[in-house]
Amino acid sequence: MARTREFDIDAALEKALVQFWEKGYESTSTQDLLEAIGIHKGSLYNTFGDKRSLYLKALEHYLDRVRNQVLDCFSSKPSPKSCLTEWVEATANRCCKKEGQKGCFAVNATVELASSDDDVRKVMREHFKKMEGLVSDLIQRGIDLGEFGASKNPQDSARFVVSFISGLYVRAKAQRFAKVEVEGLVDSLLAILVKKKD
């Protein structure tokens, strides 16, 4: 009879995620992960495989959660403009705080590994594609309701917004934004989307 697993998979992924997020992939050792999760090496390998496999599972776990949170935000109000404003402001405000200096785990993974790891590059490429799809759908709804400029291309605008968010997280790792700077950035972004064709 197979032994019952003695730890929760999602909880273990969360703990691994914290380690990878704080230290990065290269600087996180297998021993760091064993201590953080509270399991033996055999359990780690039997459940997740090696360190790299655990990293990819933790990354996918994080990305699923992010997309679900964005979906919840985008369906929370009837106004697409209000939904987008809430999401961008919440993200920007995190970049004003100490937590913003650790960046976004997805962006960190892209910067650290996407250029050298085919699997990470594939995962992140798919994630950004899905994120752009969510934002594009929201912008199209906003165009249909007259909240965004009718001349805007939803796909191009979505790519711009997702790149804007990623850029905020990269900048925040080096320099915490002041509240007034964040407000100016958010206003500028929304002004570009809302501007009507002359």
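FYI, the numbering for the sequence shown is 3 to 200, going by the working numbering. Glycine included, every Cβ here is placed at the ideal spot set by N, Cα and C.
Selection from the options that minimises the alpha carbon distance to residue i
| i | options | result |
| --- | --- | --- |
| A111 | F130, Q71, K99 | F130 |
| K53 | D66, S77, C75, Q21 | Q21 |
| F166 | K104, V90, A116 | V90 |
| C75 | V125, T93, H63 | T93 |
| V163 | S153, A152, E149, G135 | G135 |
| L19 | K59, Y47, G44 | K59 |
| G26 | L115, K79, T49, F50 | L115 |
| D119 | A14, G105, E28, A13 | E28 |
| L46 | S117, D121, I11 | I11 |
Spatial neighbours of residue i in its chain, beta-carbon cut-off 8 Å, leaving aside the 5 residues before and after
| i | result |
| --- | --- |
| T87 | V188, L192 |
| G186 | none |
Distance, residue j Cα to residue i Cα
| i | j | result |
| --- | --- | --- |
| P156 | V137 | 8 Å |
| V113 | K83 | 30 Å |
| K99 | F179 | 8 Å |
| L56 | Q103 | 24 Å |
| L61 | G148 | 37 Å |
| K154 | S190 | 15 Å |
| D34 | D146 | 51 Å |
| F150 | I41 | 51 Å |
| M126 | Y64 | 11 Å |
| A38 | E101 | 20 Å |
| G144 | Q71 | 20 Å |
| P80 | R161 | 23 Å |
| A13 | D158 | 37 Å |
| W23 | A152 | 40 Å |
| K124 | N48 | 25 Å |
| G105 | Q177 | 11 Å |
| L73 | N95 | 19 Å |
| G44 | S78 | 44 Å |
Cβ distance (whole Å) where residue i is taken to contact residue j below 8 Å
| i | j | result |
| --- | --- | --- |
| L195 | C97 | L195 to C97, Cβ: 20 Å. No contact. |
| V109 | V184 | No, V109 and V184 are not in contact; Cβ-Cβ is about 17 Å, not under 8 Å. |
| M133 | R69 | 7 Å |
Cutoff 7 Å; reference residue i; Cβ partners in own chain excluding five residues on either side
| i | result |
| --- | --- |
| L243 | This structure cannot settle anything about residue 243, because the visible part of the chain is limited to 3 through 200. |
| F50 | L56, K59 |
| E128 | none |
| A174 | C97, G102, Q103, G105 |
| L15 | K59, A60, H63 |
| R5 | Here R5 scores only 45 on pLDDT, less than 50, and its place in the model should not be relied on; the value that follows carries that caveat. Taken in chain order, the list of residues that qualify is empty. |
heavy atom of the ligand NAP below 7 Å from residue i C-beta
| i | result |
| --- | --- |
| K181 | Ligands in the displayed structure: none, and consequently the ligand NAP is not present. |
Contacts around residue i, its chain only, beta-carbon distance under 6 Å, and the 5 residues preceding and following it disregarded
| i | result |
| --- | --- |
| T32 | K53 |
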